[in-house]
Amino acid sequence: MESTPTKRGTKMKPTTPRWLRLVAAMLALAVIAAACGNDDDGDGPAAPAEQAAPEATAAAPEATDGATAPEPTEAPDASEGGEPVDEPADRGEVTIGVLVPLTGELGEFGKIVADAIEFGVGEINVAGGTVCGDIRTVVADTGGDPETGIREATNMIESEGAIAILGPTSGIMVALVDLAKREEVVIMSPYAGTITLNELGGDFVYRTVSSDLGDGAASGLWLSTRGYGSVAFMVQNEESTISPAEVARTEVEEAGIDITDFVVYNPGQPSYQAELTSVLASDPDAIFLAGGQESGVTLIKEAVAGGFDGEWLFTADLAVPEIFDAVGAELINDKAFVEFADADPSLPEFISFEERYPGAGAPFAPNSFDMVTLVALSLEASGQCDGAGINSVIRGVSDGGTPVSTFAEGRDALASGDDINYEGASGPLVFDPSGTVSGAYTIQQAQNGEWVNVEFYPASTFVE
Amino acid sequence: MNWPQLLITVATIGSIFGVVTLALNLQYARGGMINFGIVAYFAVGAYTYAIITQPPPKGLDQYAFGLDWPWWAGFLLAGIAALGFAALTGWPTLRLRGEYLALTTFAFAEVFHSFLLNERRIGNGTVGLSNVHRPFGDWGPIEEKYVFAGAAALLLIVTLAAFRQLLASPYGRALDAIRDDEVAAQSSGKPSADMRRQVFLISAVPVGLAGAVYAMFTTLAQPSLFTAEVTFVVWIALVLGGERSVYGAMLGAFGLVFFEEVVRALPFETVRSAQIAASVEHIITGVLFIAVLRYQPFDRIQRKVRAST
Numbered sequence: 000m001e002s003t004p005t006k007r008g009t010k011m012k013p014t015t016p017r018w019l020r021l022v023a024a025m026l027a028l029a030v031i032a033a034a035c036g037n038d039d040d041g042d043g044p045a046a047p048a049e050q051a052a053p054e055a056t057a058a059a060p061e062a063t064d065g066a067t068a069p070e071p072t073e074a075p076d077a078s079e080g081g082e083p084v085d086e087p088a089d090r091g092e093v094t095i096g097v098l099v100p101l102t103g104e105l106g107e108f109g110k111i112v113a114d115a116i117e118f119g120v121g122e123i124n125v126a127g128g129t130v131c132g133d134i135r136t137v138v139a140d141t142g143g144d145p146e147t148g149i150r151e152a153t154n155m156i157e158s159e160g161a162i163a164i165l166g167p168t169s170g171i172m173v174a175l176v177d178l179a180k181r182e183e184v185v186i187m188s189p190y191a192g193t194i195t196l197n198e199l200g201g202d203f204v205y206r207t208v209s210s211d212l213g214d215g216a217a218s219g220l221w222l223s224t225r226g227y228g229s230v231a232f233m234v235q236n237e238e239s240t241i242s243p244a245e246v247a248r249t250e251v252e253e254a255g256i257d258i259t260d261f262v263v264y265n266p267g268q269p270s271y272q273a274e275l276t277s278v279l280a281s282d283p284d285a286i287f288l289a290g291g292q293e294s295g296v297t298l299i300k301e302a303v304a305g306g307f308d309g310e311w312l313f314t315a316d317l318a319v320p321e322i323f324d325a326v327g328a329e330l331i332n333d334k335a336f337v338e339f340a341d342a343d344p345s346l347p348e349f350i351s352f353e354e355r356y357p358g359a360g361a362p363f364a365p366n367s368f369d370m371v372t373l374v375a376l377s378l379e380a381s382g383q384c385d386g387a388g389i390n391s392v393i394r395g396v397s398d399g400g401t402p403v404s405t406f407a408e409g410r411d412a413l414a415s416g417d418d419i420n421y422e423g424a425s426g427p428l429v430f431d432p433s434g435t436v437s438g439a440y441t442i443q444q445a446q447n448g449e450w451v452n453v454e455f456y457p458a459s460t461f462v463e
Numbered sequence: 000m001n002w003p004q005l006l007i008t009v010a011t012i013g014s015i016f017g018v019v020t021l022a023l024n025l026q027y028a029r030g031g032m033i034n035f036g037i038v039a040y041f042a043v044g045a046y047t048y049a050i051i052t053q054p055p056p057k058g059l060d061q062y063a064f065g066l067d068w069p070w071w072a073g074f075l076l077a078g079i080a081a082l083g084f085a086a087l088t089g090w091p092t093l094r095l096r097g098e099y100l101a102l103t104t105f106a107f108a109e110v111f112h113s114f115l116l117n118e119r120r121i122g123n124g125t126v127g128l129s130n131v132h133r134p135f136g137d138w139g140p141i142e143e144k145y146v147f148a149g150a151a152a153l154l155l156i157v158t159l160a161a162f163r164q165l166l167a168s169p170y171g172r173a174l175d176a177i178r179d180d181e182v183a184a185q186s187s188g189k190p191s192a193d194m195r196r197q198v199f200l201i202s203a204v205p206v207g208l209a210g211a212v213y214a215m216f217t218t219l220a221q222p223s224l225f226t227a228e229v230t231f232v233v234w235i236a237l238v239l240g241g242e243r244s245v246y247g248a249m250l251g252a253f254g255l256v257f258f259e260e261v262v263r264a265l266p267f268e269t270v271r272s273a274q275i276a277a278s279v280e281h282i283i284t285g286v287l288f289i290a291v292l293r294y295q296p297f298d299r300i301q302r303k304v305r306a307s308t
């Protein structure tokens, strides 16, 4: 405080207080942000799960009774029981982590997934919550980076008491396999098609989407039946694009179609002229572009500028409306198609979901909704408020028994002592040994600046 | 906020990157070498560990071999492989100085990254090697995460002790002499070129070992984990902490990881709030960097500690 009189232009004032003040200001900002982000983090580590666990264990033998306890139409305000104010979670609360890329190349998809999960959680909580209490979500951005994914997931499990983590992309799912098994926390993805999970998945690791090999089969089928004489493959050097492209190539070869080029390119380049040179020289009827948004946009523009006038088939990464602004709709209208794993729009479960949720048509939205509903029903079925409980019953919840399509229906059926078979908005959810479901696929066409459905391949198409 | 968990993560990641920062400190602050390709040595360690401990390929795997050896063999060979890679890359590059050396090492790292991406027989290409062996289980009542953090911290402490020993020896003083005035040192009979090469090789070993620990932590060896961003993060840690002291390098690494973890420890319960946080994090990080560089708190702490002792 001695420095106060010598305010300007002197060397008397020590600088330490200034940086200390800066640090204090930063800390204050952090505290304010924490207060905004969460209103009950004072419960401390793993509090929700620990609170809920004894209650759930007691209910385990009579899980179905427990499931009927909450009033279905009552607002989830945890006001029953008249417990003291400092014990807010009367029914307990169960935390689910939502780990998605909100930034980076897959940010568009991460937002779709997180929103659909949020919608599902809202429905479950409005219906009275699970036997373990209301579902609370903790959302974090991975930016697509596996190390960030591991650190965020660890934080969700250790600090927030998450019993399941939903929404990681392929690379992050693979990175989380060890953590999931070690911590006995279920991880589930609606879009991780990576073939690595064909070997690693199955125990605590699930996905409500089929493997990339299924995408390849669907793309191959489309290319083989479209009447092309020649096709060129432009494939981004990533597992999620190479695997399906290899499968599609085999199908196209077997159909007797000439493959003029199979170019594997590295993303992140300012230009792909070098890769396009031989492709354009062959003048194929169509280009199969298995690439991400950043590379895809540049590549499409350069190919059209280089004289390519044929058709395109894109993979799921480009199945977003933003692509029309990024590329220019006039370049791809009527000429571009996109293939992605999708729900069967004729299924009554999907139609019902579409009526309730305006974003149902977005890629992977039904798969995301199904994830959280499956987790909630597994909590009901096991009566155990932890990942091990979910893992022990999740296959049974979605296979065999009374068909149900919403959480409330499933909970009531369980309360009646029935086995249930959750029929998802994305289709049947029968997990194979690797924790993967068989998938259906949609082909959309670019028409007047938007994607329009032109073909649908149900899962039965690919059953041998 | 779950402080024990936060501190465990900081201890684990901070120790891993602290080792790399210490190596960079030795190369840059004492050896006068600007290495913008340090991620490559880190990656060599991670991949070596993964290949040595990985079971042979099966099913959809595309890598050619996995030796399925015990973790300690993979760990030791990770250090040796990094040493070998440093010998290979140091031979043509260390004749260069300043920005030329920086660019050449950066180019080497990019070539290696491209090699990992495109040569599937070594590291499975873009898929990488997954489910990498994580050696430590629970030690009685001590949970695995504490054991792992302890192991990472031990590597840092051993590296720190070794570097301190080296720098406090006549060899270290000769290095300082070369850094301060190479011509004068040479005229006193100090073999500057040989000593620079030796420093380059010595410092690569702990980086390789840290790479092995990183592979254990992430259970992955994947090209996307070993991009130039790692190099920049380590350089930022070094600059933040102050490059003139080994403790500064360490503090920089820990400070950086601590800040990241504090931001991540804030729970966001809605998609919107998480989106805003993801955007704001970069702004706050930038402002903090500027503040730290302007006021150099780590440097001040060191000076105060030094003055009090």
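Sequences listed follow chains B and P, in order. Positions 0 to 463 (numbering that gives the first Met the number 0) are the ones given, in order, by the first sequence. Positions 0 to 308 (numbering that gives the first Met the number 0) are the ones given, in order, by the second sequence. Beta carbons: idealized from backbone N, C-alpha and C, even for Gly. Because the structure is a prediction, the values reported are computed rather than measured.
Please compile the residues from chain B whose C-beta is within a distance smaller than 8 Å of the C-beta of residue i.
| i | result |
| --- | --- |
| P/ARG120 | Result: empty, since nearest Cβ-Cβ is about 15 Å, beyond 8 Å. |
| P/THR125 | ASN236, GLU237, GLU238 and ILE241 |
| P/ALA277 | LEU101, THR102, ASP140 and GLY142 |
Look at the alpha carbon of residue i and the alpha carbon of residue j, and state the distance between them as a whole number of angstroms.
| i | j | result |
| --- | --- | --- |
| P/TYR27 | P/ALA227 | 18 Å |
| P/GLY136 | P/THR217 | 15 Å |
| B/TRP221 | B/THR314 | 12 Å |
| P/ALA252 | B/ALA380 | 46 Å |
| B/THR147 | B/THR141 | 6 Å |
| P/VAL182 | P/ASP193 | 14 Å |
| B/ALA335 | B/GLN444 | 6 Å |
| P/ARG305 | P/ALA167 | 16 Å |
| P/GLU109 | P/GLN53 | 25 Å |
| P/GLY78 | B/LEU373 | 46 Å |
| B/GLU252 | B/PHE287 | 14 Å |
| P/PHE162 | P/ALA220 | 27 Å |
| B/GLU476 | B/SER209 | The question about residue 476 of chain B has no answer, for chain B in this structure spans 0 to 463. |
| B/LEU98 | B/PHE406 | 22 Å |
For the ligand HEM, any of its heavy atoms closer than 7 Å to the Cβ of residue i?
| i | result |
| --- | --- |
| P/TRP138 | For the structure depicted, the ligand HEM is absent and the ligand set is empty, with no information on it obtainable. |
Can you find a C-beta in chain P that's less than 8 Å from the C-beta of residue i?
| i | result |
| --- | --- |
| B/PRO357 | no |
| B/GLY213 | no |
| B/GLU104 | no |
| B/GLY170 | yes |
| B/SER158 | yes |
| B/GLU122 | no |
Could you confirm whether any beta carbon from chain B is found closer than 8 Å to the beta carbon of residue i?
| i | result |
| --- | --- |
| P/GLN53 | no |
| P/PHE267 | yes |
| P/GLY58 | yes |
| P/SER129 | yes |
| P/ALA106 | no |
Can the beta-carbon of residue i be found less than 8 Å from the beta-carbon of residue j?
| i | j | result |
| --- | --- | --- |
| P/TYR15 | P/ALA209 | Rather than Tyr, the amino acid found at residue 15 of chain P in this sequence is Ile. In contact: P/ILE15 and P/ALA209 (Cβ atoms closer than 8 Å). |
| B/ALA424 | B/GLU321 | no |
| P/GLY89 | P/PHE225 | no |
| B/LEU312 | B/SER218 | yes |
| B/ALA254 | B/TRP450 | no |
| B/ASN154 | P/ARG263 | yes |
| B/THR207 | B/ASP343 | no |
| P/ILE51 | P/LEU76 | yes |
Residue i versus chain B: which residues are under 7 Å apart at the beta carbon?
| i | result |
| --- | --- |
| P/THR8 | ARG150 and THR153 |
Name the chain P residues that come within less than 8 Å of residue i, Cβ to Cβ?
| i | result |
| --- | --- |
| B/VAL137 | PRO266, PHE267 and GLU268 |
| B/PRO365 | By Cβ distance, chain P contributes nothing, its closest Cβ being about 17 Å from B/PRO365, past 8 Å. |
Whose Cβ in chain P lies nearer than 9 Å to the Cβ of residue i?
| i | result |
| --- | --- |
| B/SER433 | The contacting residues do not exist; B/SER433 stays about 11 Å from chain P at best. |
Could you work out which residues of chain P lie near residue i, taking near to mean beta carbons separated by less than 7 Å?
| i | result |
| --- | --- |
| B/THR405 | None at all; the shortest Cβ gap to chain P is about 22 Å. |
Can you pull the chain B residues whose beta carbon is under 9 Å from the beta carbon of residue i, in chain order?
| i | result |
| --- | --- |
| P/ALA273 | GLY36, VAL97, VAL99, LEU101, ALA113, VAL137, VAL138, ALA139 and ASP140 |
Report task. Check each residue of the region 211–228 of chain P: if its Cβ is closer than 8 Å to any Cβ of chain B, include it; give the result in chain order. Result -> Residues passing the 8 Å Cβ filter: PHE216, THR217, THR218, LEU219, GLN221, SER223 and LEU224.
Requested in this report: Note down, in chain order, all residues in the region 230–241 of chain P with a beta-carbon under 9 Å from any beta-carbon belonging to chain B.
Outcome: Cβ contacts with chain B come from no residue of the region 230–241 of chain P.
Query raised in the report: Taking any Cβ of chain P, which residues in the region 91–103 of chain B have a Cβ under 7 Å from it, in chain order?
Result: Within the region 91–103 of chain B, the residues whose Cβ lies closer than 7 Å to some Cβ of chain P are LEU101 and THR102, listed in chain order.
Report task. Note down, in chain order, all residues in the region 267–284 of chain B with a beta-carbon under 8 Å from any beta-carbon belonging to chain P. Result -> Residues of the region 267–284 of chain B whose Cβ lies closer than 8 Å to any Cβ of chain P: none.
Query - Residues in the region 131–160 of chain P having any Cβ partner in chain B nearer than 9 Å - result: Answer in chain order: VAL131, ARG133, GLU143 and LYS144.
Query raised in the report: Which residues, in chain order, does the region 380–395 of chain B contribute to contact with chain P at a C-beta distance below 7 Å?
Result: Of all residues in the region 380–395 of chain B, none has a Cβ within less than 7 Å of some Cβ in chain P.
**Report entry** chain B contacts from the region 3–36 of chain P (Cβ-Cβ distance under 9 Å)
**Finding:** For the region 3–36 of chain P, residues whose beta-carbon sits nearer than 9 Å to a beta-carbon of chain B comprise PRO3, GLN4, LEU5, ILE7, THR8 and ILE12.
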